[in-house]
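**Q**
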Amino acid sequence: MFGDLFEEDYSSVSNNQYGKGKKLKTKALEPPAPREFTNLSGIRNQGGTCYLNSLLQTLHFTPEFREALFSLGPEELGSLEDKDKPDAKVRVIPLQLQRLFAQLLLLDQEAASTEDLTDSFGWTSNEEMRQHDVQELNRILFSALETSLVGTSGHDLINRLYHGTVVNQIVCKECKNTSEKQEDFLDLTVAVKNVSGLEDALWNMYVEEEVFDCDNLYYCETCDKLVKATKCERYKETSPYTFPLRINLKPFCEQSELDDLEYIYDLFSVIIHKGGCYGGHYHVYIKDIDHLGNWQFQEEKSKPDVNLKDLKNEEEIDDPLMILKAILLQEKNNLIPVDQLGQKLMKKIGVSWNKKYRKHHGPLRKFLQLHSQMFLLSSDESTVTLLKSPPLQAGPASRRPDQHVFQTPTAEAPGFHDTASCPHWFDINDSKVQPIEEKDIEQQFQGKESAYMLFYRKSQLQRPPEAQANPRYKVPCHLLNEMDAANVKLQINRAEDSNVELHLHLGPRYRFFNGALHPVGSQTESVWDLTFDKRKTLGDLRQSVFQLLEFWEGDMILSVAKLVPAGLHVYQTLDGDELTLSDNAIADGEDIFVWNGMEVGGVQIQTGVDCEPLLLNVLHVKTGSGGEKGGQLVDSAHVFPSNAEVASVFAALAIPGDVIFIDRAEAAGEERWSAVPREDMKRTFRELGLRNGSSILIRDSNDDDSLLPKQGRWISRTNEINWLQVKNLCQSEAEQKEVKITATVNTVVFDIRTKAIKELKLMEELVENSCLRPVDRNGKLLCPVPDSYTLKAAELKLGSSLGLCLGKAPTPSQLFLFFAVGSDIQPGTEMEILVEETVSVSDCLKLMLEKSGLPGETWHLRKMDWCYEAGEPLCAEDATLKELMICSGDTLLLVEGKLPPPGFLKVPIWWYQLWEPSGQWKSHQNGSSYTPSRGEGWGAASTQGAPGKMPVEVSLLYVGDIEISEDATLVDLKSQAMALPPFSDFVVPSPAFLRAWTVESKRPGRLLRTNQQQLKDYKLGRRTEVCLEPLQKEENLGPQDVLLRTQMRIPAERAYAPALDVVWDTARGWTACSLRQRVASFYSLPVEKIEIAKYFPEKFEWLPISSWNQQVTKRKKKKKQDNLQGPPYYLKDGDTIGVKNLLADDDEDFSTIRDDTGKEKQKQLALGRKRSQEALRVHSSSAEGPARSRGPEASLSIHVGSFQ
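What follows is the structure in structure tokens.
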């Protein structure tokens, strides 16, 4: 049934994955999801392997088994890399088991795969899809391991841990002779029928004597006859046997001199089966002995003294104090984020705070502030707590985790009820891991889902302190390295694959008119782009949007929207805060409308595909001022909901007529118009097949049919612009400087140009040597328009301005390009050039250098990006402009400096160290100082607002450029940088004493942490700069280590001591509790006697990291834990953490005098900018000045959580 699991072939292991009985395995989604808040990994079900997963998790959480397996090195087991080599003796099963355990301990993924392990079992797809008995699997797996470990130091691993002996004794009642027989066992099968519990079953089997008499006499060899006898079966204590709550086995064991505590065993695993004898499902309850997981469980709370259901009359609902108090009393710790409070209020009473209370009570936050005797707002006003006295007491139904379910009359081991050291329980159900309480085990006593296999462990077995909360404990080095590298790869893959670009349309900046939503201001003000991880939940997205939009008041609803020809339309509201963006089918580039869910600008909004707005062309006969009809058709665009009746056109437009014709554009020939029958007037636009751009004609029944348009040729619209303004920019003397030329969208550009030359009375020779160029709103001349284009093809709007300029327009095979020298340019200073699209980059560079009069060959080209900055260089010098998708109108920049060869990077190197006013460099690691010989001569770019008593400033000193291969490692970059001349002034023993950062906005940005990782894996790009920070000792940061700068606040002074580095291991989660414990340990202070805060230097603000961030929010189906990587902290490497010792400093403020000064300067700068803008507006309105050049557009960046 289990294939060749019994025998492991050491000579060769087949590599054929597609042989008989094998399946083509489908890979899991890449990259796999990270671990949930429990920080424990599940195991993916291959189809029917839930029984295998439950047993493997039990073995993995058995420390003695796991560490005994890890103690076997490659010298005994071989290597998986050699398993396909002939004559290689590779013990594949224990190696795969080691690797699986290492993944469960260290790999940041929601669930591990057992495919490699089951392959080593020799299983086919039949075994992987069929469920088996877990007890049978346990015996067969142990047997296979014993066979695999023959000849190694682990040959007796199973025997040492699990072996026991059952003793059968028969005592003759006549001669008292005792016949004894011993039987080995690895597990005990106990009866469940007609017994009340496990102890009763053991008593019946191993204590009660069976009497042989009457027809069942026993043959005694000593008496040589059939005699009466008694049989007693007991099991013999042998070795540290791991079994599941506390039980005393002494009554069932042979009597010995051992202490009573030697017989006490604690339950630590319950494998549970749900279903019948021939199928069902397995999962397992496991006790986390080494505290590897993050156990956070909300206990039952007492019933609040005010319930929303009790608020029956209108007066109580009208009282906001009563309703808010009732909501807070139903929350964990009576605490809730303010934004969620508004949402819950709307859910409970059916209307938002703004609609119900704002008119009389003001904004919600202001109301909470005014009632400080009842509500306590946090320092950043993001959360609110209910103040009440006395505090609620825990209800009688709640149970502490250290109150045990199984009550046995046994002695208890010391410290058993110590909640600080008491391990917690988890329910591991294939991929999912959830915390449970001990009392949940009682639910498995009976029913369709019940305990099937129990594992106990001797209570006197003690774990070393270094094993607590340390998943790396006893893991072999080669597996540690493998898991670290895999985590780095996962982090890179997730950063590449898990992000989606969302377009946030902000409701307050939209208005509803003409049947759709339209932005009030500019597109950049109304639509913000947000990069977000699609593995995060909708609740995470909502919280991020709240943090992004500081002005938001009241409820926030997120809806999927779509841009249609009529404008923006809202389709569906996103529900289920516990669902991920992937679960909600949010695609890359999705439009999200952010609003209150009901109205925009006082107008109620209809949503859904049924009422999607349609943009229709409506034609009707033009009427005169006296009501008489002319012979001209007027064409105008109008918007109607697609679920509106066709007859609604008459009332909506107030156009005389009683017949509607629909343009069947797909019909062939001239007769494509058809009248809508009167019985169809009640049908909707969608039912009649009308789409965006469809045309309808309204007319009287007695009108002449000759007025119907033929072959799609329309009469020009009235009351619309039908001209272009052409300015004379040829510098020729002419009476007129500009002229209006009548045109339609189908007018050819050549005709407009020749007509303008004629009306401007210019020389006819200009027809052969001139072109038309659009003029933008800032007065800049754009790319010339080819003569053969129509206005529609050239995307020119009627009413716009064109410049008549000297020179020919580009042909279809030519490109008109702007170019400028240097990377810091201002709009309007560019030069122009006309080149063939087949010209190479190097030839284009030569032409531009020649035109600009620049000498030398050390130049390269870069394409200017959308915010007027130098983009990526054009590295492929032999590629044509067409191949690089360079288009007419693009701007190229001539930048000095030769590009490195393909595959190489040119990296500017900076020296980074703390600089004190005393002229000494300050070390982060231990605060020691030393003075460089030439440090004072170099300029320091200080960072404004760094906290400190004597402000410690961040200085970056440029030391030179290096050219290095993308295949080189980080340590190679450090070594090459050390060869630069300025490094001779600093004593750096080796590259291991340097810490590398990228440079972002003239500050250290991303930490480059793995010395042996290739530079291309960091995706540095060709514009990345690197700064190197000297260290006092070597460091080896793991993938989940975070480097923080901590500063202790000086009591009675608004200042801080110098910064010290703290390395924080986030393996157990990015929680406030974990960070506080690490900082407290570093400063040797009790965790409850410190307060910490993150510093935001750009705002001169400190944001306290309080303990409530560790709490778990209660939702219907999922518990979510706050993560310091996300809002509002966005914690990352290099951040400054202020530390306050409450034993010596009880001041609530974290700020410094330097912060006050910085805030005041920012305030004055903002006020000055505001005044300048107002003065500019006044000046612009009084006199028409020169057009202003467009400044760089500011890109919206969102901290994206990093994943480490």
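Residues 15 to 1218 in the numbering used here are what the sequence shown lists, from first letter to last. For glycine and all other residues, C-beta sits at the position ideal for the given N, C-alpha and C.
1) Quick one: Cα of LEU1045 to Cα of ILE1151, how far?
2) Rounded to a whole number of angstroms, what is the C-alpha to C-alpha distance between LYS988 and ALA982?
3) What three-state label does DSSP hand PHE75 in the structure shown?
4) Helix, strand or coil, according to DSSP, for LEU588 in the structure here?
5) Look up PRO1005 in the DSSP assignment and say whether it is helix, strand or coil.
6) What alpha helix (DSSP H) runs, 4 residues minimum, are completely inside the segment 994-1053?
7) Report the partner residues of LEU970 according to the DSSP bridge assignment.
8) GLN110 by DSSP, collapsed to three states: which one?
9) Let me check understanding here. Comparing Cα to Cα, which of MET570, VAL578, GLY622 lies closest to GLY611?
10) Closer than 6 angstroms by C-beta to ASP319: which residues in its own chain qualify, once you throw out the five before and the five after it? Chain order, please.
11) Would you report the Cα separation of LYS1016 and PHE997, rounded to the nearest angstrom?
12) Measure the C-alpha to C-alpha separation of ASP986 and ARG174 and round it to an integer number of angstroms.
13) Does the contact criterion of 3 or more C-beta pairs under 8 angstroms hold for the segment 1048-1056 versus the segment 493-509?
14) Determine the contact status of LEU518 and LEU544, defining contact as a CB-CB distance below 7 angstroms.
15) With ILE363 as the anchor, note down where its alpha helix (DSSP H) starts and where it stops.
16) Just reading off the beta strand (DSSP E) that ASN173 is part of, what are its end residues?
17) If we ignore side chains and look at the alpha-carbon of each, how far apart do PHE1110 and VAL1013 end up?
18) Could you check the C-alpha separation between LEU212 and ALA465 for me, to the nearest Å?
19) Smallest Cα separation from VAL534: which of GLY521, TRP542, PHE546?
20) Give the DSSP bridge partners of ILE506, in chain order.
21) Rounded to whole angstroms, what's the CA-CA distance from GLN927 to CYS1041? Just pull it up for me.
22) Is GLN1139 buried or exposed, if buried means 16 or more other CB atoms sit within 10 Å of its CB?
23) Go to MET570, then tell me how far its beta strand (DSSP E) extends in each direction, as first and last residue.
24) Using a 10 Å radius around the Cβ and a threshold of 16 neighbouring Cβ atoms, would you call GLY683 buried or exposed?
25) Alpha helix (DSSP H) containing GLY553: first to last residue?
26) Assuming ARG1059 is part of the beta strand (DSSP E), what are its boundary residues?
27) Quick check: the segment 113-133 against the segment 58-77, are at least 3 beta-carbon pairs closer than 8 angstroms?
28) Return the chain-ordered ranges of every beta strand (DSSP E) run that is complete within the segment 1137-1188 and spans a minimum of 3 residues.
29) Span of the beta strand (DSSP E) holding TRP1116?
30) In the structure shown, what three-state DSSP assignment does SER1095 receive?
31) State the DSSP-derived secondary structure class of TYR1109, mapped to helix, strand or coil.
32) Could you tell me if GLN387 is buried or exposed, where buried requires 16 or more neighbouring beta carbons within 10 angstroms of its beta carbon?
33) Within the continuous beta strand (DSSP E) that includes VAL288, where are the two ends?
34) How would you label GLY1172, buried or exposed, when you count the other beta carbons within 10 angstroms and need 16 or more for buried?
35) How far does the alpha helix (DSSP H) with VAL298 in it extend, from its first residue to its last?
36) Is ASN733 buried or exposed, if buried means 16 or more other CB atoms sit within 10 Å of its CB?
**A** Taking the structure as given:
1) Translated into positions along the sequence shown, residue 1045 becomes position 1031. Translated into positions along the sequence shown, residue 1151 becomes position 1137. Approximately 20 angstroms between the Cα atoms of the pair.
2) Taking the sequence shown and counting its residues from 1, the one referred to as residue 988 is at position 974. Taking the sequence shown and counting its residues from 1, the one referred to as residue 982 is at position 968. For LYS988 and ALA982, the distance between alpha carbons rounds to 11 angstroms.
3) Residue numbering aside, residue 75 sits at position 61 when the sequence shown is read from its first letter. It is coil, neither helix nor strand.
4) Here residue 588 corresponds to residue number 574 of the sequence shown, with the count starting at 1. Three-state result, LEU588: coil.
5) On the sequence shown, position 991 is the one that residue 1005 refers to. Helix at PRO1005.
6) 1029-1032
7) Within the sequence shown, the letter at position 956 stands for residue 970. TYR926.
8) Position 96 of the sequence shown, counting from 1, holds the residue named residue 110. Note: GLN110 maps to helix in three-state DSSP.
9) In the sequence shown, residue 611 corresponds to position 597, counting from 1. Residue MET570 is the option with its Cα nearest to GLY611.
10) For the purposes of this step, residue 319 is taken as the residue at position 305 of the sequence shown. Confidence at ASP319 is low in this model, with a pLDDT of 42, below 50, so the placement of that residue is unreliable and no value is reported for it.
11) On the sequence shown, residue 1016 is found 1002 positions in, with the first residue counted as 1. On the sequence shown, residue 997 is found 983 positions in, with the first residue counted as 1. Looking at the two C-alpha atoms, the distance is approximately 20 angstroms.
12) Reading the sequence shown from its first residue, position 972 is the one you call residue 986. Reading the sequence shown from its first residue, position 160 is the one you call residue 174. So the alpha carbons of these two residues sit roughly 49 angstroms apart.
13) yes
14) Numbered from 1 along the sequence shown, position 504 holds the residue referred to as residue 518. Numbered from 1 along the sequence shown, position 530 holds the residue referred to as residue 544. In this structure, LEU544 lies closer than 7 angstroms to LEU518 by Cβ.
15) Within the sequence shown, numbered from 1, the residue matching residue 363 stands at position 349. Looking at the DSSP string, the run of the alpha helix (DSSP H) that includes ILE363 is 352-363.
16) Taking the sequence shown and counting its residues from 1, the one referred to as residue 173 is at position 159. Segment 171-176 is the alpha helix (DSSP H) holding ASN173; no beta strand (DSSP E) there.
17) Residue numbering aside, residue 1110 sits at position 1096 when the sequence shown is read from its first letter. Residue numbering aside, residue 1013 sits at position 999 when the sequence shown is read from its first letter. Near 18 angstroms, if we compare the C-alpha coordinates of VAL1013 and PHE1110.
18) Mapped onto the sequence shown, residue 212 falls at position 198. Mapped onto the sequence shown, residue 465 falls at position 451. Their backbone Cα atoms lie some 11 angstroms apart in a straight line.
19) Within the sequence shown, residue 534 is the residue found at index 520, counting from 1. Among GLY521, TRP542, PHE546, the Cα nearest to that of VAL534 is on GLY521.
20) Working through the sequence shown from its first residue, we reach residue 506 at position 492. Partner(s): none; ILE506 has no beta bridge.
21) Numbered from 1 along the sequence shown, position 913 holds the residue referred to as residue 927. Numbered from 1 along the sequence shown, position 1027 holds the residue referred to as residue 1041. The alpha-carbon atoms of GLN927 and CYS1041 are separated by roughly 9 angstroms.
22) Taking the sequence shown and counting its residues from 1, the one referred to as residue 1139 is at position 1125. Classification of GLN1139: buried, given that the 10 Å Cβ count is 16 or more.
23) The sequence position of residue 570 within the sequence shown is 556, counting from 1. No beta strand (DSSP E) holds MET570; DSSP gives it neither H nor E.
24) Indexing the sequence shown from 1 puts residue 683 at position 669. Because GLY683 carries a pLDDT of 43, less than 50, the predicted location of this residue cannot be relied on, and no value is offered for it.
25) As a working note, residue 553 is residue 539 in the sequence shown. GLY553 -> alpha helix (DSSP H) spans 552-562.
26) Along the sequence shown, read from residue 1 onward, the residue named residue 1059 stands at position 1045. 1055-1062 is the extent of the beta strand (DSSP E) around ARG1059.
27) yes
28) 1150-1155
29) For the purposes of this step, residue 1116 is identified with residue 1102 of the sequence shown, where counting begins at 1. 1115-1118 is the extent of the beta strand (DSSP E) around TRP1116.
30) Within the sequence shown, the letter at position 1081 stands for residue 1095. The answer is helix: DSSP assigns SER1095 an H, G or I state.
31) In the sequence shown, residue 1109 corresponds to position 1095, counting from 1. Note: TYR1109 maps to strand in three-state DSSP.
32) Here residue 387 refers to the residue found at position 373 of the sequence shown. By the 10 Å Cβ count, GLN387 comes out exposed.
33) Translated into the one-based positions of the sequence shown, residue 288 becomes position 274. With the sequence shown as reference, residue 288 is identified as Lys, and Val is not the correct amino acid for it. Looking at the DSSP string, the run of the beta strand (DSSP E) that includes LYS288 is 278-288.
34) The residue labelled residue 1172 in the question sits at position 1158 within the sequence shown. Flag for GLY1172 reads buried.
35) Mapped onto the sequence shown, residue 298 falls at position 284. Looking at the DSSP string, VAL298 is not in any alpha helix (DSSP H); the run it does join, the beta strand (DSSP E), is 295-302.
36) Position 719 of the sequence shown, counted from the first residue, corresponds to residue 733. Here the model assigns ASN733 a pLDDT of 40, short of 50, so the residue's position is not dependable and the matter cannot be decided.
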